[in-house]
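First residue of the sequence shown: 1, per UniProt numbering; consecutive thereafter.
All C-beta atoms, glycine included, are put in the ideal place defined by N, C-alpha and C.
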Amino acid sequence: MVAYANGSDLDQLGANNGVERLLSLTLTDNRGFEADQLDIEFDDSDGQLALPRRGASIEIALGWTGLPLINKGIYTVDEIEHSGAPDKLTIRARSADFRETLNIRRDQSFHNSTVGEIINTIAERHKLKPALNKAMADLPVSHIDQTSESDGNFITRLAKQFGAIAAIKDGYLLFIQQGQNKTASGKPLPVMTITRKQGDGHVFSLADRGAYTGVVANWLNTRTTEKSAVAVKRKRKSKKPVQSKKPVEKQGEYLVGTEDNVLTLRTTYATKYNAQRAAKANWERLQRGAAKFSIQLARGRADLYPEVPIKVTGFKKQIDDADWTLVTVIHSLSHSGFTTALDLEVKIDELDME
């Protein structure tokens, strides 16, 4: 396993890019627009290390001796810390440089547009390549305003509205459906298998989903000023699905789940379509929080990353039977060895749009 730096101000780390000085390395691979984070601690007990400049680039590759290293991307140094005694240098870097234009507040409006057009506009502004599949790109956006809001916040808000993940990875602006285990182009990701004997420990938690059995979103027809509601149902259900009514131009209902105890969103949306998207996104959010699973792998696996579908074996039947999705992957390297910690959530089923 190796970490190597790109920048003359980091060359003074010594032979093999400071591996002999390495105390610890932690790489946190996040899902979504939250930047991946790299933390490296170097031994400076001899006082020979110079402080690197912020903005320097660090490229990371991880793996095991005798096997090919897996490139984990390029990170930009944005924090440095020197502490002691004994003296040590801590470098913190992130996968995207959020200090530049991404955090600048802007004013812009999109009318009669699509998700693809919006993502393309923002990607071009930041010299990124847009990455989203055609189904997501073609989703209509009747109107949305970016008022004194940074592009980072705006894309995050747009992703939440459409139940998507927005992220910057290796020069690409990703905008993909959350929890569906697919690439930006829409192709299924290969399923990875983890057995219990590979783990050092695990934690499984199951929240009470009975609090809400469905989600309803209201919309308002501005021509008639009549307030309406709209509904979505899950394809896989244990309860009898709600019978959908024939769509009416001025009024309707959009329900996700069942009618027993629904969550009604406070926002009144401008169109039926916007209400449908909001109900669907909120129902998926509720479902994702129902069951969570974390595993500490005794032997690090650099090939794992967020959104990869996971099958586990050797645990309780309910855990083994579930389809899991990786949410966060934390790789840790120190004198104790190379380990990987995983946070997973239940894969969300696709929903029927009514």
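Closest by C-alpha distance to Ala291, out of Ala302, Leu344, Leu304, Thr267, is Leu344.
Closest by C-alpha distance to Ala123, out of Ile155, Phe110, Arg92, is Ile155. Taking a cut-off of 8 Å on C-beta distances, the segment 156 to 169 does not touch the segment 194 to 207, as fewer than three cross pairs fall below it.
One Cα belongs to Gly314, the other to His335, and the distance between them is close to 29 Å.
In this structure, the straight-line span from the alpha carbon of His126 to that of Leu102 is close to 7 Å. Ranking Val308, Thr147, Thr193, Glu284 by CA distance to the CA of Val215 puts Glu284 first. Bounds of the beta strand (DSSP E) holding Lys311 are 309 to 313.
Note on Asn282: 16 or more other CB atoms within 10 angstroms of its CB, so buried under the neighbour-count rule.
Distances from the CA of Leu333 to each of Gly199, Gly300, Ser57, Glu149 were compared; the closest alpha carbon is that of Gly300.
In this structure Arg31 touches Pro306 by the C-beta definition: roughly 4 Å separates them, less than 8 Å. As a beta-bridge residue in DSSP terms, Pro130 pairs with Leu173. Under the Cβ criterion (8 Å, minimum of three pairs), the segment 113 to 120 does not count as touching the segment 77 to 90. By alpha-carbon distance to Val262, the top candidate from Leu286, Ile168, Arg277 is Leu286. When the beta-carbon positions are compared, Ile74 and Ala61 stay at least 8 Å from each other. Contact holds between the segment 128 to 143 and the segment 168 to 175, because three or more Cβ pairs, one in each stretch, are under 8 Å apart.
Judged by DSSP secondary structure, Arg157 falls within the alpha helix (DSSP H) whose first and last residues are 151 to 161.
In this structure, the beta-carbon distance from Phe293 to Ile319 falls below 8 Å.
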